[in-house]
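Numbering of the sequence shown is given in my numbering, commencing with residue -15 and proceeding in unit increments.
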Amino acid sequence: MTPADRAAERFRGVHGRAPFGVWSAPGRVNLIGEHTDYNDGFVLPFALPHRVAVAASPRTDGRITAITVGDDGVPQRAQPVPVAELTPGRVTGWAAYVYGVAWALRDAGYPTAADLVITGDVPTGAGLSSSHALQCAVALALLGLGGVTPAPDPTAALAAAGSRDMSQAVSNAAHEPLASSGPSLDQVARWVQRSENEFVGAPTGLLDQTASLRCVVGHALFLDVRAGAAEHIPFDAPVLVIDTRVRHALADSAYGDRRRGCERAAALLGVLSLREVDTGVDLGRLPEDLRPLVRHVVTENERVLATVAALRAGTDIGEPLTASHASLRDDYRVSCRELDVAVEAALGAGALGARMTGGGFGGSAIAVVPPAVDEAVRAAVRAAFAERSLTAPRLFAAAPSAGAGRDH
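Have a look at this one:
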């Protein structure tokens, strides 16, 4: 049973009636381009088959209710709140991710009272963007209850038609007629970002929301955050996800410290963002603690471009992925023991490239693993964790999947 089917079933069990509709959104793997989104750089994520689903029906009393049902089948109920009274700080915990979206949409002119029932199979705390999958599904559900459908992504149609040129894709997209008068998916992503930044209190960029909303099957999403240009790059390399089971939370201070450090470095360098910095910049005029942050962002943008070029040429992408991990470990300092063990074991057993993915401080690593060595890599990773008395990791293959949308 899919998460959408489960959400509809749980809604009937809780409310005694069928939902008006069910919407779902995927988690994501960021192939490369870590901590570049909030620096106006390049990113290259793809959507996972794992999804969070929201079954929803409108209410007439101005309130929003939310129930989440986990694998144990036990409902967790958030306190009902009038949508008009939602303010940052009023709701905490998992419910803040749900009600924060309602708050952001209300401020944007879409005040929707609703009953929501949530299920899903995106691993939580694994750096695979379960929170953004939840928020994007809630956003589409609340908009849908109000009769609003976001405008379709014209670059997705270009991907289906085989376009590979970003400049041509952007030019064509500007002239494509839209089948909906609703907001763009980019705008929905920004509302979700605002809800997490200002309501939840996590200083995230736009990578995860955009990936969840805009990714398409069989492709990675090459996004230029500063320009807003997107291209769907065909991608079918075999990717193994290694969930270290070390949980992280992007609302924690370390993530915010890195972002503030980047902003401070940009100000000292006299630029709006680190996207404007190239490899020739003199980092000696920066405080010592900021130099490695800048070095990572600048070189990571170059690695994204190198990876895209390799995918277009049909050549190996392993080298930039592995170099990305070293940069995240040594310069940005967001790796951890378990992530390093996973990467080293995968590479030692024949993976073409491997890196941590997501914000860091735990979560998951990914490895590009040819089928011939898949079992050997899995065995090596498990053995490396066992030898160090670390919690056994969860391993699964990831295939580029569909973005968010309505299921029922």
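In this text, a Cβ means the ideal position worked out from N, Cα and C, and glycines have one as well.
Length of the line joining the Cα atoms of residue i and residue j
i        : j        : result
Val223   : Val75    : 37 Å
Ala307   : Leu331   : 12 Å
Glu247   : Thr188   : 13 Å
Arg(-10) : Thr133   : 23 Å
His216   : Ala135   : 17 Å
Ala110   : Ala382   : 14 Å
Leu112   : Thr299   : 26 Å
Asn181   : Ala370   : 38 Å
Thr49    : Ala62    : 7 Å
Ala238   : Thr341   : 16 Å
Ser311   : Arg198   : 28 Å
Pro59    : Ala388   : 24 Å
His309   : Ser373   : 23 Å
Leu323   : Ala349   : 6 Å
Gly57    : Arg243   : 38 Å
Ile16    : Asp55    : 31 Å
Ala40    : Thr52    : 12 Å
Ser257   : Ala360   : 42 Å
Arg259   : Val292   : 17 Å
Pro33    : Ala140   : 17 Å
Gln171   : Leu190   : 11 Å
Pro(-13) : Gly104   : 5 Å
Glu18    : Ala173   : 18 Å
Asp391   : Met(-15) : 13 Å
Ala297   : Cys320   : 33 Å
Val255   : Gly93    : 34 Å
Beta-carbon gap between residue i and residue j smaller than 9 Å
i      : j      : result
Ala37  : Val201 : no
Pro304 : Val318 : no
Arg47  : Pro72  : no
Asp241 : Gly347 : no
Arg12  : Ala121 : no
Ala290 : Asn14  : no
Ala221 : Trp175 : no
Ala338 : Val325 : no
Pro354 : Leu336 : yes
Ala329 : Ala376 : no
Gly245 : Ser179 : no
Val230 : Phe345 : yes
Ala86  : Ala98  : yes
Endpoints, alpha helix (DSSP H) assigned at residue i
i       : result
His393  : Any property of residue 393 remains undetermined from this structure, which presents the chain solely from -15 to 392.
Thr194  : 191 to 198
Phe380  : Where Phe380 is concerned, there is no enclosing alpha helix (DSSP H), although the beta strand (DSSP E) it sits in stretches over 378 to 382.
Pro304  : 302 to 314
His(-1) : -13 to -1
Ser114  : 114 to 129
Ser237  : 237 to 253
Gln171  : 169 to 178
Val209  : No alpha helix (DSSP H) contains Val209, which DSSP labels as neither H nor E.
Arg74   : Where Arg74 is concerned, there is no enclosing alpha helix (DSSP H), given that its DSSP letter is neither H nor E.
Ala367  : 358 to 371
Val394  : Within the shown structure, residues of the chain are numbered from -15 to 392, placing residue 394 beyond reach of any answer.
Option in the options with minimal Cα separation from residue i
i      : options                        : result
Asp262 : Val278, His(-1), Leu126        : Val278
Ala251 : Ile301, Arg269, Gly131, Leu100 : Arg269
Gly77  : Ala135, Ala186, Ala249         : Ala186
Pro42  : Ala140, Val67, Arg61, His309   : Val67
Thr108 : Leu169, Ala213, Arg35          : Arg35
Phe380 : Leu89, Trp87, Ala363           : Ala363
Leu89  : Gln177, Ala360, Ala213         : Gln177
Asp45  : Pro95, Trp87, Glu286           : Pro95
Pro138 : Ala173, Val101, Gln119, Ala214 : Ala214
Leu100 : Gly57, Ala31, Pro3, Leu191     : Pro3
Ser115 : Val82, Ala86, Gly93, Gly131    : Val82
Leu142 : Arg229, Pro218, Gly343         : Pro218
Phe30  : His203, Ala351, Asp170         : His203
Arg313 : Gln119, Gly343, Gly334         : Gly343
Glu272 : Tyr316, Gly302, Leu191, Glu286 : Tyr316
Val357 : Ala333, Ala367, Phe345         : Ala333
Asp192 : Gln119, Ala86, Ile301          : Gln119
Pro276 : Val365, Ala249, Arg296, Ile301 : Ala249
Asn285 : Val27, Ala(-8), Arg(-6)        : Val27
Proximity test, Cβ basis, 9 Å: residue i and chain C
i     : result
Leu70 : In the structure shown, chain C does not exist; there is a single protein chain.
Host beta strand (DSSP E) of residue i (start-end)
i      : result
Leu100 : 98 to 104
Gly5   : 5 to 16
Asp227 : 223 to 230
Arg339 : 337 to 341
Arg35  : 26 to 42
Gly347 : 347 to 352
Arg317 : Per DSSP, Arg317 belongs to no beta strand (DSSP E) and is neither H nor E.
Gln60  : 59 to 61
Arg269 : Unbroken run through Arg269: none, as it is neither H nor E.
For the segment 125 to 132 and the segment -1 to 7, state whether three or more C-beta atom pairs, one from each stretch, are separated by less than 8 Å.
-> Between the segment 125 to 132 and the segment -1 to 7 there are three or more inter-stretch CB-CB distances shorter than 8 Å, so the stretches are counted as touching.
Using 8 Å as the Cβ pair cut-off and three pairs as the minimum, do the segment 204 to 217 and the segment 7 to 27 touch?
-> The segment 204 to 217 makes contact with the segment 7 to 27; the number of CB pairs closer than 8 Å reaches 3 or more.
Could you tell me whether the segment -6 to 1 touches the segment 260 to 275, using the rule of 3 or more Cβ pairs below 8 Å?
-> no
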